[in-house]
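Report on the structure given below.
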Amino acid sequence: MENEIKLTAGAVASLGIATAALVVLPYVQVRDIAPPAGLKPYTEQQARGRQLYVSNGCVYCHSQQPRDRNFGPDFERGWGRASVPADYVYDRPHLLGTMRTGPDLFNIGARQPSEDWHLGHLYQPRAYVEESNMPAYPFLFVQKDAAEDGDRVVALPPAYAPPGKVVVATREALDLVRYLQSLVHTYPVVPAADRP
Amino acid sequence: MDSAILSLLGAFILSILGLFAFIWSLRKGLLVENPAGAGVIFGRGEIGRIDDPALAEGARGELQQAASAAHGAPEGADSAEVHERIEADRSSAFPVFMFVAFACLWLLVGSAAGLVSSIKLHAPDWLVSEPWLTFGRLRAVHTNAVFYGWASNACLAVILWLLPRLLRTRLVGAGWAMLGGTFLNAGVASGLGAIAAGWSDGMEFLEIPWQIDVFIFAGFALVILPALFTLVNRKVEHLYVSVWYCVAALLWIAVLFLVGNLPGVHFGVQQATTNWWFGHNVLGLWFTPVSVGAIYYFLPKVLGRPVVSYNLSLLGFWTLAFFYPQVGGHHLIGGPVPGWLTTLSIVQSVMMVIPVVAFSINQGGTLWGRMHLAVHSPTLRFMMYGGLMYFASSVEGSIEALRSVNQVAHFTHFTVAHAHLGAYAFVSMVLFGAIYFMMPRVLAWEWPYPRLITLHFWLAAIGGLVYVIPLSIGGWLQGLAMLDASRPFIESVTLTLPWLQWRSVGGAMLTLGHLVFVGHFFAMALRFGPERTGAALFWLPRGELSHGK
Numbered sequence: 058m059e060n061e062i063k064l065t066a067g068a069v070a071s072l073g074i075a076t077a078a079l080v081v082l083p084y085v086q087v088r089d090i091a092p093p094a095g096l097k098p099y100t101e102q103q104a105r106g107r108q109l110y111v112s113n114g115c116v117y118c119h120s121q122q123p124r125d126r127n128f129g130p131d132f133e134r135g136w137g138r139a140s141v142p143a144d145y146v147y148d149r150p151h152l153l154g155t156m157r158t159g160p161d162l163f164n165i166g167a168r169q170p171s172e173d174w175h176l177g178h179l180y181q182p183r184a185y186v187e188e189s190n191m192p193a194y195p196f197l198f199v200q201k202d203a204a205e206d207g208d209r210v211v212a213l214p215p216a217y218a219p220p221g222k223v224v225v226a227t228r229e230a231l232d233l234v235r236y237l238q239s240l241v242h243t244y245p246v247v248p249a250a251d252r253p
Numbered sequence: 007m008d009s010a011i012l013s014l015l016g017a018f019i020l021s022i023l024g025l026f027a028f029i030w031s032l033r034k035g036l037l038v039e040n041p042a043g044a045g046v047i048f049g050r051g052e053i054g055r056i057d058d059p060a061l062a063e064g065a066r067g068e069l070q071q072a073a074s075a076a077h078g079a080p081e082g083a084d085s086a087e088v089h090e091r092i093e094a095d096r097s098s099a100f101p102v103f104m105f106v107a108f109a110c111l112w113l114l115v116g117s118a119a120g121l122v123s124s125i126k127l128h129a130p131d132w133l134v135s136e137p138w139l140t141f142g143r144l145r146a147v148h149t150n151a152v153f154y155g156w157a158s159n160a161c162l163a164v165i166l167w168l169l170p171r172l173l174r175t176r177l178v179g180a181g182w183a184m185l186g187g188t189f190l191n192a193g194v195a196s197g198l199g200a201i202a203a204g205w206s207d208g209m210e211f212l213e214i215p216w217q218i219d220v221f222i223f224a225g226f227a228l229v230i231l232p233a234l235f236t237l238v239n240r241k242v243e244h245l246y247v248s249v250w251y252c253v254a255a256l257l258w259i260a261v262l263f264l265v266g267n268l269p270g271v272h273f274g275v276q277q278a279t280t281n282w283w284f285g286h287n288v289l290g291l292w293f294t295p296v297s298v299g300a301i302y303y304f305l306p307k308v309l310g311r312p313v314v315s316y317n318l319s320l321l322g323f324w325t326l327a328f329f330y331p332q333v334g335g336h337h338l339i340g341g342p343v344p345g346w347l348t349t350l351s352i353v354q355s356v357m358m359v360i361p362v363v364a365f366s367i368n369q370g371g372t373l374w375g376r377m378h379l380a381v382h383s384p385t386l387r388f389m390m391y392g393g394l395m396y397f398a399s400s401v402e403g404s405i406e407a408l409r410s411v412n413q414v415a416h417f418t419h420f421t422v423a424h425a426h427l428g429a430y431a432f433v434s435m436v437l438f439g440a441i442y443f444m445m446p447r448v449l450a451w452e453w454p455y456p457r458l459i460t461l462h463f464w465l466a467a468i469g470g471l472v473y474v475i476p477l478s479i480g481g482w483l484q485g486l487a488m489l490d491a492s493r494p495f496i497e498s499v500t501l502t503l504p505w506l507q508w509r510s511v512g513g514a515m516l517t518l519g520h521l522v523f524v525g526h527f528f529a530m531a532l533r534f535g536p537e538r539t540g541a542a543l544f545w546l547p548r549g550e551l552s553h554g555k
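As you go down the protein sequences, you meet chains A and B in turn. No gaps in the numbering here: position 79 of the first sequence is 136 in this note's numbering, and each next residue is one more. No gaps in the numbering here: position 413 of the second sequence is 419 in this note's numbering, and each next residue is one more.
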C-alpha cells in the first residue's frame, strides 16, 4: 500500500456512507414530520426547566423513550405507549437517554402530577422512595427561619424537614417541576407504518 | 416490495460484489504474503533486535538474550537508518511531550470525577450541596475529561511520534501541532468548566458547548495539517499499516467532531441517531484505530519480529473502516427510530467480528513462541493486555448488539461496564504502554523507578477487571429485573448496589494506578530519581549505541 490518496479517499468515503445512513437519511425522514395535535410546544417556564434538566444531567439516569410492549414491560410500569418520532419534534437537544438507573420519565407528568411530590422528591428523594439512589438537590432550595410572602414552601414528611426551618423552593426548582409536569405523552398518535 | 425480498436482493448483490472483489484481489496478488511490507518498521539487519526503552540497560540485555535464545541473534542494524530514526524522534519530541503531559493532567481530573461519581451512585447524599458536584455534572466531566483530555491527547502524541518514524522523515510543522495542542487543551479546560457550571449542549459525549467546540476543532485541524504534510514529504515508498490507521483516524475524528457538533441542524429523533453515530464512532474511529495502529507498531518492535500476516492487517483496516462507522444505531434498539436503521447497525456490529479476528490472529501469530518475553518488557505487557481486551470488548459488543441480548443489557450498567472494557482495558492500556515506550526517547531520560511501571500495570490490570466484571453482572441482573413486570422497578435499583460498590473499589484501584503513573511521569520529566546512563540519550547524538536498536 503506497498511495496516500487511496488511503484518505477510502477513509473519508467509508465514513461518508455511514454519515449518509445514520445522519442524513434520518434527517430527510423526520424533517417534515408534523407535531401531533395533542403535543404543545414548551412554554417559557417549561423550557427553562428543561434547560435545568439538561445542565444537571438528569438524562444520564432517566430515559424518555418507552419501548413497545413486545420489547419490555414499559407500558405495564405506567411509562406510557411506545414513543414515535413525532413526539420529539420540539426537542432540542433530544433527551432520549440510554440509562434507566431511575425510571423512564416520558409520562412522569401523568404519573405524578403533584407539585408537592416533585418538590419534596427533588429536595430529598429518600423521603418518598426509601431505597432510591437518586441524588438529593438541596441547592435548588433555600432554608429559611420563616416563610415570606410569595414563597413556595415545600411540604416535607416531618422526619425529613430541617428542625425549626422551612424549605422554600427556588425559581429553578419550580421551573424544573413545571417541565416534569409537562411530560405527558398520553395523546393518541398514528403508529409509524413501516416499523418492523 | 416487502422487506424479505429487499433483504434477499441485498444479500444477492452483496455476494456478487464480494465474488468480484475476491477475483480482483487474486489478480492483483493481494493474497500473496508481503513480508517486505511488514518489515518496513525495521532498519536493514535489525529484525531480531528487541527494543523497549522503558527498560533499564540490564533488563534490556536480558530481554535480548531471551529473544535471541529462542530465535537467533540479530545481524546488527544499519547505522544510517538508525540515525534517520533519531532525527525523526528529535523532530517530534516537543509536541509529543506536550500532548502526553496534558493527557496525564486530564487523566487525574477524569479519574477523580469518575471515582466520585461512582461513589455517589451508592452514597446519594454525599456532596450534594454544590451544583457542580452533582452526579449529572460530574459524570459528564469524567467522560469528557477522559475522552477529549486523556485519550485524545495521548492518541495525538502517539500519532505525532509514530508518523515521522514510520515515514522516515522529520515532522513537518511541529510548531503548528503545538499550537493545535494549545487550542485543544484550552477547549477541554473551558469545556469541563462549562459543564461543571451547568452550560451543556446536553447530549452524551457532545456536552461541550459548540462555542467551545470551535477551539477543539481548530486544535484537531492544526494537528492534521502537519501530519498530512509529513505524509506527503515522506522518504519511504511503503506506508506501514500503522500509518493507515493513524492518518485515517485523524481525518475521521475531524469529520465526526464537526458534523456531530453542528449547531442548529439536528433535532429530535434525528439528533439522537447523530448523537450515537458520533458517540460510538469516537471510540470506533478515533481511539480504536490509533490503539490498533500502535499495537501494530510497538508489538513487533519490542519483539524484534515483523507481524506474521501483513495482508490480514490490511483486511482488518478496510473492514473496520467500512463496518465500524455504521454501528452507532445499536444504542437506540427498541427506540423511536426507523427500524431499518437499528437493523443496519446490528448487522454491521456483528460484521465487526471480521476486523477483530483478523487483528487477533495477527497478534497471536506474532506473539507465538515469544509470550514469555512479557516477563521482561512492561510495554509488551500493556500491549498484550490491551490487544486481548480489544478482542474481548469487540466480541462482547457484537453480541450485545443482538436484539435479544440488547433487550436485557440496554438501559443498564452493563453498557457502562462494556464501555470501560473498551475505553480502559483496551485503549487506555495500549496508550499507557505506548507512553512508557515513547517517553525515554522523547525526554532522553530513563524511567526513574521501573518498579512503579510494574505496580501501575497490576493496579490497572486487576482494577480494570474488578471494575468490569462485577458491574457487568450487576447490570445484567438489573436488566432482567427491569424486564420482569412482576417485580417493582425499585428492585432493579437496590439489587445493583453491592455491584456498584465493587465498581467503586475497581475505580479506586485505577485511580491509584494513575497517581503512580502520573507521579512517575513528572518525576521523569523533572529529572528526579537515580541517574542512569545508557538511556535513549538523543541530545548526545553519539548515544546511538543504545538508541533505536
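Idealized CB from N, CA, C, for every residue including glycine. From a predicted model like this one, the values you see are computed outputs, not experimental measurements.
Euclidean distance between Cα positions of residue i and residue j
i: V499/B; j: A44/B; result: 51 Å
i: E550/B; j: A160/B; result: Low per-residue confidence applies at E550/B: pLDDT is 41, beneath 50, and the placement is therefore not dependable enough to give any value.
i: Q413/B; j: T421/B; result: 12 Å
i: G439/B; j: R88/A; result: 47 Å
i: I90/A; j: G16/B; result: 28 Å
i: A233/B; j: P454/B; result: 31 Å
i: G35/B; j: E59/A; result: 15 Å
i: M184/B; j: P101/B; result: 5 Å
i: V261/A; j: V224/A; result: Any answer about residue 261/A is impossible in this case: the structure gives chain A only from 58 up to 253.
i: L14/B; j: R409/B; result: 20 Å
i: L326/B; j: W283/B; result: 15 Å
i: I201/B; j: L190/B; result: 16 Å
i: G299/B; j: Y330/B; result: 16 Å
i: Q169/A; j: F495/B; result: 16 Å
i: I74/A; j: L350/B; result: 12 Å
i: L458/B; j: A60/B; result: 11 Å
i: G554/B; j: D95/B; result: Residue placement at G554/B is poorly supported in this model, since its pLDDT is 41, which falls under 50; the coordinates still yield a value, given next. Rounded to whole angstroms, G554/B to D95/B spans 10 Å at the Cα level.
i: S158/B; j: A109/B; result: 8 Å
i: Q140/A; j: A77/A; result: According to the sequence as given, residue 140/A is Ser; it is not Gln. Rounded to the nearest angstrom, the two C-alpha atoms are 24 Å apart.
i: F544/B; j: S297/B; result: Only weak support is given to the placement of F544/B: the predicted model assigns it a pLDDT of 38, under 50, and the value that follows is read from those uncertain coordinates. When rounded, the distance between both Cα atoms is 26 Å.
i: V359/B; j: F397/B; result: 9 Å
i: R134/A; j: D148/A; result: 24 Å
i: L546/B; j: F528/B; result: Interpretation of L546/B is limited by its pLDDT of 40, a score under 50 that renders its predicted location unreliable; the figure taken from the coordinates is listed afterwards. Taking the straight line from one Cα to the other gives about 22 Å.
i: R138/A; j: H148/B; result: 34 Å
i: V88/B; j: Y246/B; result: 17 Å
Residues bridged to residue i (per DSSP)
i: A226/A; result: F198/A
i: M156/A; result: F417/B
i: V210/A; result: V225/A
Local Cβ density within 10 Å of residue i, reported as buried at 16 or more and exposed below that
i: V234/A; result: buried
i: P92/A; result: exposed
i: M435/B; result: buried
i: W464/B; result: exposed
i: W213/B; result: In the sequence on display, residue 213/B carries Glu and not Trp. With 16 or more other Cβ atoms within 10 Å, it is buried.
i: Q71/B; result: exposed
i: M390/B; result: buried
i: I47/B; result: buried
i: L25/B; result: exposed
i: D490/B; result: exposed
i: M377/B; result: exposed
i: K307/B; result: buried
i: S21/B; result: exposed
i: I259/B; result: buried
Open item on the list: For a minimum of 4 consecutive residues, which ranges assigned as the alpha helix (DSSP H) are wholly contained in the stretch 149-215 of chain B?
Closed with: 158-173 and 180-203
Open item on the list: Taking beta-carbon pairs under 8 Å, can you tell me which members of the stretch 72-87 of chain A lie near chain B?
Closed with: L72, I74, A75, T76, A78, L79, V80, L82, P83, Y84, Q86 and V87
Open item on the list: Short of 7 Å Cβ to Cβ, which residues in the stretch 477-498 of chain B face chain A?
Closed with: M488, L489, A491, F495 and I496
Task: chain A contacts from the stretch 114-141 of chain B (Cβ-Cβ distance under 8 Å) - done: K126, L127, H128, P130, D131, V134, S135, E136, P137, T140 and F141
- [ ] Let me know the alpha helix (DSSP H) ranges lying completely inside the stretch 412-473 of chain B, each 4 residues or longer, listed in chain order.
- [x] 419-426 and 435-449
Task: Positions along the stretch 175-200 of chain B whose CB lies within less than 8 Å of some CB in chain A - done: none
Task: Where the stretch 100-113 of chain A meets chain B: residues whose CB sits under 7 Å from a CB there - done: V111, S112 and N113
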